[in-house]
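Structure first, then comments.
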Amino acid sequence: MPVEAGGRGWGRQQSGVVAATMAAHNVVGPPVGLGAMLAAPTIAAHGTQDQVDRLVPPILDGTVAWCQLFSEPGAGSDLAGLQTRAVRDGDEWVVTGQKVWTSGGQVAQKGMLLARTDQDAPKHQGITYFAFDMDQPGVDVRPLREMTGRALFNEVFIDEARVAETDVVGGVGNGWAVANTTLMVERASLGGGGRRPVSVPEGPKAGRLDARVGDFVEVVAHGPEGDGGRGVDIQWIADLAQKLGCGDDPVVRQEIVKLHVLGEVNRLNMARAKAGGSRTGAEGNLAKLAMSELVRRSREVGNLVIGADGMLAGSASATDGRIQEATLFSPAPSIYGGTDEVQRNIIGERVLGLPKEPGPSKDTPFRDLVQN
């Protein structure tokens, strides 16, 4: 984050070094969430000074949590096909529509909202980006239960909710450009690369801002805010193999080493990108693809280590269900934040120079397009 937006002004490489150092010394980091990861960088890049002054400080101190109101039932990979509409009413906009796969929507106070403000403009040009208040009449958040048993994602129904003109980010009709900044930051963040410290989730609804550090670290180690369900640490798998007596098995050792190498390659590639070397314009896409593969491989190696115990769940298993939940969650990274297929399309176009997939003319008004 730039200094003028309340940050330290560090580059990606320096930020990565600080994060890794904090993690190495078991220092609890600042509150994290989609506000810090996505909203703050986007507002700093495209927002007015008033928006930066109003919206960024509560993100940085963790007192306001954000969610991402992008995807819709008929606009996922083709995000520009979104149909949530915003109609101007004086100095406000009235918003109606539906969003889905909204991570953290149940605890968010604000949302990064994409809505269509011009039906007569081509689909990429009639979109506006809003800083949207989630705590208002007309906003209904409904959790979506996953096969892990958790509800990390939500669907959000918006019925004539309002957003002020002063909360339009980047200008009316310029939402696609602003959204691409958010997506670029998201893919780079999801790609990981390097260790990060334990951090409390942002916002009061998450219920962790006033927790004692020791208590929270214990929750992260054993509870739902830990790694369980989102992948398993490579070192943790290696330690588990030793504990279960298969650490000297040549097949297990080989697979753990392969997993370690994949993780290191991704970490070094991200470090090189953060250092500014060899820019392709698709670093975030490459990192996200690598992360998806790393999660899948972690699943396979974890189940190789525990063997038949992988058929058990919860307290009945040797890992208290951690690998089982990671297995159930493992398809998700290949989908959220843009599917693997979308990432490959972008890489093909930006890096390899391949032609874009055929589609309607960029000059066709959105209202004339065939809707999903």
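Counting with the UniProt record's numbering, you get residues 1 to 372 for the letters of the sequence shown. Where is the CB? At the ideal position from N, CA and C, for every residue including glycine. Source: prediction; values computed, not measured.
Check, Outcome
"Status (buried if at least 16 other CB within 10 Å, exposed otherwise) for residue 181", "buried"
"Residue 232 and residue 335 closer than 8 Å at C-beta", "no"
"Best match in 351, 317, 97 and 15 for proximity to residue 115 [C-alpha to C-alpha]", "97"
"According to DSSP, residues forming a beta bridge with residue 132", "111"
"DSSP state of residue 212 mapped onto helix, strand, coil", "coil"
"Assumed close pair residue 378, residue 6 - CB separation to whole angstroms, cut-off 8 Å", "Beyond the ends of the chain as shown, which are 1 and 372, falls residue 378; an answer cannot be given."
"Option nearest residue 286 by Cα separation, candidates 296, 275, 270 and 300", "270"
"7 Å Cβ shell around residue 23 - same chain, five flanking residues per side excluded", "195, 196 and 197"
"Exposure of residue 261, with buried meaning 16 or more beta-carbon neighbours within 10 Å", "exposed"
"Residue 26, DSSP secondary structure in three states", "coil"
"Distance between residue 87 and residue 263 (C-alpha atoms, nearest Å)", "47 Å"
"Residues near residue 362 in its chain [Cβ-Cβ closer than 6 Å; skip 5 each side]", "122"
"Exposure label - residue 354; buried when at least 16 CB within 10 Å", "exposed"
"Unbroken stretches of the alpha helix (DSSP H), 4 residues or longer, contained in the region 144-216", "175-191"
"Identified DSSP bridge partners for residue 122", "365"
"DSSP-derived helix/strand/coil call for residue 97", "strand"
"Close-in-space but distant-in-sequence residues of the same chain around residue 80 (CB under 6 Å, 5 per side omitted)", "123 and 124"
"Cβ shell of residue 57 (< 8 Å), same chain only, five flanking positions each side left out", "6"
"Run of the beta strand (DSSP E) containing residue 344, from where it starts to where it stops", "Counting along the chain, residue 344 falls outside any beta strand (DSSP E), though it belongs to the alpha helix (DSSP H) covering 340-350."
"Cutoff 8 Å; reference residue 359; Cβ partners in own chain excluding five residues on either side", "none"
"CA-to-CA distance, residue 244 to residue 275, given in whole angstroms", "40 Å"
"Simplified DSSP state of residue 66, which is helix, strand or coil", "strand"
"Per-residue DSSP class, three states only, for residue 331", "coil"
"CB of residue 59 within 8 Å of CB of residue 29, strictly", "no"
"Within 8 Å, strictly: CB atoms of residue 201 and residue 31", "yes"
"Residue span of the alpha helix (DSSP H) that contains residue 56, given as start and end", "49-60"
"Length-filtered (3 minimum) beta strand (DSSP E) runs lying within the region 281-338", "none"
"From 137, 143, 142 and 312, residue whose alpha carbon lies closest to that of residue 160", "137"
"Residue 225 (DSSP reduced to helix, strand or coil)", "Residue placement at residue 225 is flagged as unreliable, the pLDDT there being 48, under the threshold of 50; a coordinate-derived value is accordingly withheld."
"Bridge-paired residues (DSSP) for residue 72", "75"
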